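What follows is a short report on a single structure.
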Amino acid sequence: MRNIVLFGDENHKFVLLNESDPGEEDGVRSNQYLIQHQDDGVLLDPGGFGVMPRVLAELLRYLGPQQLKAIVLSHQDPDIVGGLSTWLELTGAPVYVSEIWMRFLPHYGIKGVSRFVGVPDVGMPLHVAPGFDLQLVPAHFLHSEGQINVYDPLSKILFSGDIGAAMLPTDKDYTYVDDFAAHLPFIEGFHRRYMCSNRAARIWVDRVSKLDIDMIAPQHGPIYRGKAVGEFLAWFKELQCGIDLMLEDGRV
């Protein structure tokens, strides 16, 4: 486990806080990210209960929990939300999540939803602090019915949730995708099964292609950078997946 600064200058950082070993979680690395601007931070997909102590230890290298101004949940899965109740005890930050998941969050042992902000289907701007603004971008049905991405215009990094996630074998360990063709076998099966449809993929690619993106940072696996960003978007836009592949006998 290690933290990796994906972008950093004297005022602004985008940090991969907890890159778990490839052998964990059945070979899927789970990524938690911090966006820091001066003394303020935003935590993206804080993770399950088991990784929370390690994520907190890495966070403390940069700022304290009380300096978090927002927590963003890309969707409702336990590998994202499972440790949230502990984070809510450490910070007063509001939590942003698609509005369709608000009613389900109490099932994670969370008392009430007064700290939660429901993100509308069309997304929204997120003003964190002076000079610190993010964009919450809709990514519905990829794979969650209500998924949101986070775009940071200062680092030009798009946090993409499960879009771009990789199923790496235990003998593979690399931080960045520089050779997309070599990386493709580790994403193809997951995307064909978990992403809803080509229509959803096309709508998302057309939307994010309007952003100035240097990196795509998924919730699992390595980060896309350089030409791999465009290569991934071009591949994903044409992908047949989910209900496109479903047969009458239930096979996909």
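Numbering follows the numbering used here, with no gaps: position 75 of the sequence shown is 469. Yeah, the Cβ is synthetic: ideal placement off N, Cα and C, and Gly gets one too. Note that the structure is a prediction, hence the values are computed from the model and not measured.
With which residues is residue i paired in a DSSP beta bridge?
i    : result
F408 : F401, I429
H521 : D527
M496 : Looking at the DSSP assignment, M496 forms no beta bridge with any residue, so it has no partner.
L438 : Y427, V466
H544 : Strictly speaking, residue 544 in this sequence is Val, with His absent from that position. In DSSP, V544 forms a bridge with L530, F553.
M609 : I551, R619
Y570 : I617
Are there 16 or more other CB atoms within 10 angstroms of the CB of residue i, so buried, or fewer, so exposed?
i    : result
K604 : exposed
K463 : buried
H577 : buried
N405 : exposed
M609 : buried
P416 : Confidence at P416 is low in this model, with a pLDDT of 43, below 50, so its placement is unreliable and the value that follows should be read with caution. Buried.
G435 : buried
A611 : buried
K621 : exposed
S508 : exposed
G624 : exposed
G636 : buried
V646 : exposed
Can you tell me whether residue i is helix, strand or coil according to DSSP?
i    : result
G512 : strand
P488 : coil
K621 : helix
L639 : coil
K631 : helix
G503 : coil
G644 : coil
F626 : helix
Y588 : helix
A559 : coil
E581 : With the sequence shown as reference, residue 581 is identified as Ile, and Glu is not the correct amino acid for it. I581: coil per DSSP, three-state reduction.
L482 : helix
R444 : The sequence shown places Gly at residue 444, not Arg. If DSSP states are grouped into helix, strand and coil, G444 belongs with the helices.
E452 : helix
D471 : coil
H600 : According to the sequence displayed, residue 600 carries Asp and not His. In this structure, D600 counts as helix in the three-state DSSP scheme.
Looking at residue i: is its Cβ nearer than 8 Å to the Cβ of residue j?
i    : j    : result
W481 : P440 : yes
V449 : Q426 : yes
V445 : Q430 : no
M589 : L520 : no
I504 : L478 : yes
V511 : P488 : yes
V571 : P616 : yes
I542 : G517 : yes
R601 : L639 : no
G442 : D473 : yes
L627 : N592 : no
S630 : A594 : The sequence shown places Phe at residue 630, not Ser. Going by C-beta atoms, F630 is not nearer than 8 Å to A594.
H614 : A560 : yes
P459 : T485 : yes
Pick out whichever of the options has its Cα sitting closest to the Cα of residue i.
i    : options                : result
L428 : Y456, P447, G442       : Y456
I597 : V491, V531, L484, V489 : V531
F584 : Y570, D556, V571, M609 : D556
Q470 : P459, G486, L453, L438 : L438
V607 : H534, K550, I542, A559 : In the sequence as presented, Val is not what sits at residue 607; that position holds Ile. The candidate whose alpha carbon is nearest that of I607 is K550.
G476 : Y502, E642, G644       : Y502
F526 : Y618, D567, D433, A611 : D433
E452 : V436, N412, M561       : N412
T564 : G540, F580, E539, G442 : F580
E493 : S554, H534, Y618, I637 : H534
D573 : R645, R619, L552       : R619
G540 : E642, D515, D567       : D515
Is any heavy atom of the ligand COA found at a distance shorter than 7 Å from the C-beta of residue i?
i    : result
R455 : This structure simply doesn't include the ligand COA, nor any ligand for that matter.
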